[in-house]
Structures are given as structure tokens and as C-alpha cells.
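1200 is the number of the first residue of the sequence shown in the numbering used here; add one for each residue after it.
This report concerns only the one structure given below.
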Amino acid sequence: TWYWNRYPGIACDVESYSYLPLLEEMGYIPSMKFASGFEILEYCQTMAERFGFYDRCLFHTTVEETTWDDDRGRWVVKTDRGDAMKARFVVLANGILTTPKLANIRGMETYQGEAFHTSRWNYHVDLEGKRVGIIGTGATAVQIVPEIAKVVKDLYVFQRTPSTIDVRDQRATTAEEYATWPTEENWAVKRRERLALISAGRTALQGNDDFLSGKVDSVKKPKQHAKPLPPEELIQRQLNTNFRIMEQIRARVDAVVHDPKTAAALKPYYPYGCKRPTFHDEYLPSFNRPNVHLVDTAPTGVQEINATGVVHDGVQYDVDVLIYATGFEWMGTGSFNMIRGRDGVTLKEKWEQDGTRTFLGMHSAGFPNLLIMNGPQGGGGQFNFTRVSEMHAHYVTWAIQTVKDKGARSIDITREAEDDYARHCAEMDLLSAPLRDCFSYYNGDGNAKPGSLAYYGGGQRWHERRTAAQESMAPYRLEPMRQGERAVAAE
């Protein structure tokens, strides 16, 4: 993420005191509440050096095939460099947003000006004094628009779906914070946990500094009902809460943006969380600049691109530079098609035939000693991606250690546990039905099959199921060592 994405204005959109991992171990506190992407990249590089990652990583190497060898109880991993490595365990940590997505717009190949995707920003192109078009208004564009609006002659923002723009309240870390936070034991872990409680409800961060700093003694708990409420009533209650949140966000648009027509187009119409929530203090005011023009392309998006620019609703918008802020392919990794399990079937083939089938989003039956991080049906119930990754990493460590402690050959999941979890995900999918009212990577651009969403809406239920499974061990199949294998179990 932070290596490839180096566009103007790039920053974390979760507060960096909770987003950046291992702050205590590194003895580091970010300089800003929302650290810039360049600061985050430098921090990641420092972490990699500190923990010896560079010595253990094969860069510029693509895995082409990963096959389970049942006779040896090992995965055979083959790369594009001719390597064939054996591994007892394989952990997939590919991420969910790795492949840049270009909009499929008629005529885009005919454009004669400079054009590039935001994740491959071309700094050789000088935008000063140019006419620039940017297609897309998601989390990336929200950060870019205020920055380039300061230097371009004209900026045309082509919007299909408006984003929710909440207050960011960006600020520098204070001297008092630098001095006092490290005095609290596990301060960063506790802060991430407090943020998780917030994001279990609404992820707006303004006004929550006291809570995140531990100055609030209690958290308002949801009401307990004598009997479970039917899904329809739960959904309606969610929508009622959602409506109040969205009314505040829409009211902010009216308060900030001067032109009524532009303000109307910038108001999100869908429930909160349907698209990734965004936080910025300069994006909405940018549309008060005389050189920034919003082009509302709802509901179809941009219709055509020609040699000199963009055409929509019969209007030609000539631009010198065209920027695609069109995001990434949802679960665009090709790894699922490269992994062959016990029956010679790839993970992708299994999921295409049976629907997405996992346990906790971490295992898939028939793929022993394979552990999946941040995949479909993965848990956590929050928007802080690194916190979810941290929880998954703890689970991976537990699974590997369990196999070793029990002297087992491999760990797998029973079909019954997998089917039960699939039913659970389908139930959670009903509660997230409002999240299908827009196009976003949360719902696979509206095409995700029920129960397979990248953002699993089970929240605390994931933790409860994980804990119950680890205590009972009922969902797991621990295969014993075969004759003669114990001597090499430590490989």
C-alpha cells in the first residue's frame, strides 16, 4: 500500500496512533494524528530493518504455484524464478486491494494526453497550470483533490457515487502527548482496543480524543433484549441509526459547500458504511474554489473518453492530464487460483463451485496447514485494517503452535464447521443488506455473493466463535504424524 501509493496528499485515514503497529516496541509516536503516507512508508522500512524482514524476504518474486504434497505433509511453493521450496505451513497475507482497477470506459485508449492511475503516480508530469480530470471520488480522490486543486488551472472531478466526508480534525502530535503516552504500559495496544469499540459503532473520530486517550470511564453498551430480535427489526434499527448519522454528514455538506447544485450532488444517499467512510477537512471546501468543477456522472459513470478528454451527457471536457482514482480490484489477488489442496482442486475452484467456504475466514477445508489473513469472511468487525491483521496474526501463531505442541502433522477444518460458519456468514449478510445499496469494494462492487463480503459484519461474534473453537477444538482436524515422520517434525 504505502510503497505504491505516493500521490499528493496521501495519508492514513485511520488515526495513526492506532493504525501503526508495534509503536511501543519501536519507541515511536507518529508526528500527526493522521500520518502522511511518506512517514508511514519510512516507519515500515524501519520496522523491516529492526526485525530482520529484509533478510527473510524474496523481493521481485512471484509465486506461480502452491501445491499440497500429502505424502510428505508439505506445501511445494514454486516461483517465477525457478524456485521450488517446501513449507510445512503457508500463510496468505496478500491483502484485499493489491491490483489497480481501471474503469472500463469506451474510448479510453484513444486519449492523447498524459494519463495514469493514482497508485502509479507520475511525478514527471507537472500539473501546474494544467487542465486536469480525475475520475473517481473514493478515499484516494478525497485526499488528492485538495492538494492538486491548489496548482492546476482547472480540475474536473468526475463523480459517480459521492463519498461520506466526515470531520478529520488533522493536527500535530503535541509535546504533552509525546511525554505522557509512553508512561502508560501498553498504551498503543489499549488505544487500538478503544478505537475498536468506537468502530464497532460509528468510525467518525472527531470528538473522541478523550475516549481514545482513556479519559472516558465507560462505554455505552447496546440494550439487551429478553429474546433475540428478528433480522427485519435489527435491520430497521440499524437503518434508523444510519439515517441520523447520514443526516449529520449531509448537513455538513450544506454548511461547507456554497453552490446548492454542487452540494446536492456531493451528498451521499446510501447508509453509512456502504462505501468506505472518509475523513477530510479540505475536500468539501475545495469545491468552493473557482477552478474546481464537479461533474456528476450518476448513475452510470463517465460514458466516453476521446483524444482530448472526457465526454458525458453530450458535454466535452478537454483536459491535459487524466487521473484514474478508480481504486483496486476487490480480492484481486491471483493466489486463490494457484493453491491446490488435498484433492488437486484450487481454492478458487472450490469457492466457485460451493460458494465461499471458510472457518473464521482463516481456514478452508481440504487445505491443511494453510492460513488466510484478511481474506473473505475474515473477522474483526472494525475498519482499522492493521488491528484486524494483528488479530489474525495472533491466530496464525496459535494454530502453528498448536500443531507443534500436539505433535500433529497438520491442522484442517471439518466440513461441518465450515458449513456452519457459512450459514453464520449468510445470517450476518442479511444484517449487512443495507451495505449493498451502493458500489464499493466492501460489497465487491455490488457483485459479492451472499456471505462472502470482504468486510465481515459479525463483529464480536467472530471473536466469540474463535474463542469457543480454541477452547473446544471441535472444528479442527489435527492429523497425527505418520510412521517415521516425528524425526523431521521440527523442519
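Beta carbons: idealized from backbone N, C-alpha and C, even for Gly.
{"Asked": "Please return the same chain residues whose Cβ sits closer than 7 Å to the Cβ of residue 1236, not counting the five positions on each side in sequence.", "Found": "1201, 1204, 1205, 1209, 1210"}
{"Asked": "Mapping the DSSP letters down to three states, classify residue 1603 as helix, strand or coil.", "Found": "helix"}
{"Asked": "Excluding the 5 residues flanking residue 1369 on each side, which residues of the same chain have their C-beta closer than 7 Å to its C-beta?", "Found": "1231, 1232, 1233, 1480"}
{"Asked": "Do the stretch 1297 to 1315 and the stretch 1501 to 1511 make contact, defined as three or more Cβ pairs closer than 8 Å?", "Found": "yes"}
{"Asked": "Cα-Cα, which of 1572, 1544, 1582, 1573 is closest to residue 1564?", "Found": "1544"}
{"Asked": "Is it buried or exposed, residue 1671, if we count other Cβ atoms within 10 angstroms and call 16 or more buried?", "Found": "exposed"}
{"Asked": "Is residue 1617 buried or exposed, if buried means 16 or more other CB atoms sit within 10 Å of its CB?", "Found": "buried"}
{"Asked": "Just to confirm before moving on: does the CB-CB distance between residue 1456 and residue 1450 stay below 9 Å?", "Found": "no"}
{"Asked": "Taking residue 1525 as the reference, give the member of 1514, 1500, 1515, 1270 with the closest Cα.", "Found": "1500"}
{"Asked": "How big is the Cα-Cα spacing for residue 1694 and residue 1212?", "Found": "No answer is possible for residue 1694: the residues shown for the chain start at 1200 and end at 1690."}
{"Asked": "Quick one: Cα of residue 1435 to Cα of residue 1272, how far?", "Found": "50 Å"}
{"Asked": "Give the DSSP-derived three-state secondary structure of residue 1521 in the structure shown.", "Found": "strand"}
{"Asked": "DSSP on residue 1203, reduced to helix/strand/coil?", "Found": "coil"}
{"Asked": "Using 10 angstroms around the beta-carbon of residue 1682, count the other beta-carbons present and answer buried if the total reaches 16, otherwise exposed.", "Found": "exposed"}
{"Asked": "Could you spell out where the alpha helix (DSSP H) holding residue 1246 opens and where it closes?", "Found": "1236 to 1249"}
{"Asked": "So, with DSSP's three-state summary, where would you put residue 1283?", "Found": "strand"}
{"Asked": "Would you report the Cα separation of residue 1555 and residue 1362, rounded to the nearest angstrom?", "Found": "29 Å"}
{"Asked": "Of all the alpha helix (DSSP H) runs that stay within the bounds of the stretch 1488 to 1559, which reach a length of 4 or more residues?", "Found": "1546 to 1553"}
{"Asked": "Tell me the start and end of each unbroken beta strand (DSSP E) in the stretch 1430 to 1479 that is at least 3 residues and wholly inside, in chain order.", "Found": "none"}
{"Asked": "Around the C-beta of residue 1291, are 16 or more other C-beta atoms found within 10 angstroms, so that it is buried, or is it exposed?", "Found": "buried"}
{"Asked": "For residue 1357, count neighbouring Cβ atoms within 10 angstroms of its own Cβ and tell me buried if that reaches 16, exposed if not.", "Found": "buried"}
{"Asked": "Taking buried to mean at least 16 other C-beta atoms within 10 Å of its own C-beta, is residue 1281 buried or exposed?", "Found": "exposed"}
{"Asked": "Starting from the Cα of residue 1453, find the closest Cα among 1679, 1584, 1495, 1364 and give me that residue.", "Found": "1364"}
{"Asked": "Looking at the unbroken alpha helix (DSSP H) that takes in residue 1340, where does it start and where does it end?", "Found": "1338 to 1347"}
{"Asked": "Report the rounded CA-to-CA distance for residue 1311 versus residue 1515, giving the unit in angstroms.", "Found": "15 Å"}
{"Asked": "Given a threshold of 16 other Cβ atoms within 10 Å of its Cβ, counted over all protein chains shown, does residue 1691 qualify as buried or as exposed?", "Found": "Residue numbering for the chain in the displayed model covers 1200 to 1690; residue 1691 lies beyond these limits and cannot be assessed."}
{"Asked": "By how many angstroms is the C-alpha of residue 1337 removed from the C-alpha of residue 1404?", "Found": "Low confidence applies here, because residue 1404 scores a pLDDT of 45, under 50, leaving its location unreliable and the question unanswered by this model."}
{"Asked": "Quick one: grab the DSSP three-state call for residue 1382.", "Found": "helix"}
{"Asked": "What residue from 1217, 1483, 1684 has the CA that sits closest to residue 1391's CA?", "Found": "1217"}
{"Asked": "Is it right to say residue 1611 is buried, meaning 16 or more other beta carbons lie within 10 angstroms of its own, or is it exposed?", "Found": "buried"}
{"Asked": "In angstroms with no decimal places, state the Cα-to-Cα distance between residue 1591 and residue 1376.", "Found": "29 Å"}
{"Asked": "Nearest by alpha-carbon distance to residue 1517: which of 1313, 1597, 1663, 1330 is it?", "Found": "1330"}
{"Asked": "Taking residue 1314 as part of the beta strand (DSSP E), name the residues at either end of that continuous run.", "Found": "1313 to 1316"}
{"Asked": "Determine the DSSP secondary structure at residue 1585, reduced to helix, strand or coil.", "Found": "helix"}
{"Asked": "Can you give me the C-alpha to C-alpha distance between residue 1576 and residue 1471, rounded to a whole angstrom?", "Found": "20 Å"}
{"Asked": "Buried or exposed: where does residue 1274 fall if 16 or more other Cβ atoms within 10 Å of its Cβ makes it buried?", "Found": "buried"}
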